[in-house]
Amino acid sequence: VAYGIDSLFSFYHNKPKNLMSSGLIISSGYQCTHILPILEGRLDAKNCKRINLGGSQAAGYLQRLLQLKYPGHLAAITLSRMEEILHEHSYVAEDYVEELQKWRCPDYYENNVHKMQLPFSNKLLGSTLSSEEKQERRQQQLRRLQELNARRREEKLQLDQERLDRLLYVQELLEDGQMDQFHKALVELNMDSPEELQSYIQKLSSAVEQAKQKILQSEVTLEVDVVDSKPETPDLEQLEPSLEDVESINDFEPLFSEETPEVEKPVTTV
Numbered sequence: 014v015a016y017g018i019d020s021l022f023s024f025y026h027n028k029p030k031n032l033m034s035s036g037l038i039i040s041s042g043y044q045c046t047h048i049l050p051i052l053e054g055r056l057d058a059k060n061c062k063r064i065n066l067g068g069s070q071a072a073g074y075l076q077r078l079l080q081l082k083y084p085g086h087l088a089a090i091t092l093s094r095m096e097e098i099l100h101e102h103s104y105v106a107e108d109y110v111e112e113l114q115k116w117r118c119p120d121y122y123e124n125n126v127h128k129m130q131l132p133f134s135n136k137l138l139g140s141t142l143s144s145e146e147k148q149e150r151r152q153q154q155l156r157r158l159q160e161l162n163a164r165r166r167e168e169k170l171q172l173d174q175e176r177l178d179r180l181l182y183v184q185e186l187l188e189d190g191q192m193d194q195f196h197k198a199l200v201e202l203n204m205d206s207p208e209e210l211q212s213y214i215q216k217l218s219s220a221v222e223q224a225k226q227k228i229l230q231s232e233v234t235l236e237v238d239v240v241d242s243k244p245e246t247p248d249l250e251q252l253e254p255s256l257e258d259v260e261s262i263n264d265f266e267p268l269f270s271e272e273t274p275e276v277e278k279p280v281t282t283v
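Written out as structure tokens, the structure is:
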């Protein structure tokens, strides 16, 4: 068993026999490259050099070049695929200028170019839903958005109503003649006078009333949209409703939280 530098073993194995040859060994690794000069069959260790350039840098550089050239295939141009291209489809040119002249020739290009197909998906881009399904989905999204806005308006209305009740309580202190508590409450509310309190109460009352009107209008609009989007009444011959009709009706049930009272039938007296 012998230990040594693999590139020197390769140089010794490939040199002509019985010849003290000289040469320059370029040993490229994954992370760096070593340059080893050979003088009359012996290694010139003092003049050996190490360059921090190897196969990983070449693969990374090729990856960045192809990603810039083909930005649409950014995800498919991976580092492992670039290493495969380097190992199986690339070579080191002995004369770089001469290689450039060869590749400028169209015939040489067609005979030596390597064309590769990146993996792709056969799935159709876009949705495969029908126009009716798309319309139904848009209606469902619109209903969810309306419900979300209605909840936000109700939450804001509740906060405004609580603040209005507090201001009305402070106003009652003034009407009852409890001036000490009234002035203390004004300081807590950051107000200076009863007139400012009354003005704020009027503005807040108007805002609360407008919010209630908007909530009522949104409920009416939502109810009309739900009624319009329900399927038509089936014929008398169709005794059992279809599964789609049952699902569509179940989707609308959460929109009506309040129970509708049943109308009493009139009683005819004889």
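Going left to right, the sequence shown walks through residues 14 to 283 as my numbering numbers them.
Ideal placement from N, C-alpha and C gives every residue a C-beta, glycine not left out.
Using C-beta distances below 6 Å, list every residue in its chain close to residue i, excluding the 5 sequence neighbours before and after it, in chain order.
i      : result
Ser34  : Lys28
Phe133 : none
Leu210 : Met204
Could you tell me the alpha carbon to alpha carbon distance between residue i and residue j, rounded to whole angstroms?
i      : j      : result
Trp116 : Ser144 : 53 Å
Cys61  : Pro50  : 6 Å
Ile90  : Glu167 : 52 Å
Gln152 : Glu146 : 10 Å
His100 : Leu79  : 16 Å
Val110 : Gly17  : 36 Å
Tyr83  : Asp19  : 39 Å
Glu97  : Arg63  : 25 Å
Glu149 : Leu155 : 10 Å
Leu161 : Glu175 : 21 Å
Glu123 : His86  : 24 Å
Arg157 : Ser218 : 29 Å
Leu21  : Asn65  : 20 Å
Ile48  : Arg55  : 14 Å
Ser206 : Ser212 : 10 Å
Asp189 : Leu229 : 36 Å
Grab me the residues of residue i's own chain with a C-beta within less than 8 Å of its C-beta, minus the 5 sequence neighbours each way, in chain order.
i      : result
Leu92  : Ala72, Gly73 and Gln76
Tyr25  : none
Gly67  : Ser41, Gly42, Tyr43, Gln44, Cys45 and Thr46
Leu181 : Ile214
Ala58  : none
Lys227 : Arg166
Glu224 : Note on identity: in this sequence residue 224 is Ala, with Glu being the wrong assignment. Here the set comprises Arg166, Lys169, Leu170 and Asp173.
With residue i and residue j assumed to form a contact (beta carbons below 8 Å), what rounded beta-carbon distance in angstroms separates them?
i      : j      : result
Lys220 : Asp173 : Just to set this straight, residue 220 is Ala in the shown sequence, not Lys. Right, the Cβ-Cβ distance comes to about 6 Å (below 8 Å), so this counts as a contact.
Ala163 : Ser69  : At roughly 59 Å, the Cβ-Cβ gap does not stay under 8 Å, so Ala163 and Ser69 are not in contact.
Leu186 : Phe195 : 4 Å
How should residue i be labelled, buried or exposed, when 16 other C-beta atoms within 10 angstroms of its C-beta is the threshold for buried?
i      : result
Met95  : buried
Val183 : buried
Ala15  : exposed
Ala88  : exposed
Glu245 : Annotation note: pLDDT 47 at Glu245 (below 50); position unreliable, coordinate value reported separately. By the neighbour-count rule (16 or more Cβ atoms within 10 Å), Glu245 is not buried but exposed.
Near residue i, which residues of its chain fall below 7 Å by C-beta distance, leaving aside the five closest residues on each side in sequence?
i      : result
Ser106 : Residue identity check: residue 106 is Ala in the sequence provided, not Ser. Cβ within range, chain order: Glu112.
Glu222 : none
Discussion item. My parser needs the beta strand (DSSP E) runs of 3 or more residues fully inside the region 60-109; what are they?
Written reply: Those beta strand (DSSP E) runs which fall completely within the region 60-109 and span 3+ residues are 62-64.
Item to complete: Report the residue ranges of all alpha helix (DSSP H) runs contained in full by the region 183-232; include only those spanning at least 4 residues, in chain order.
Response: 192-201
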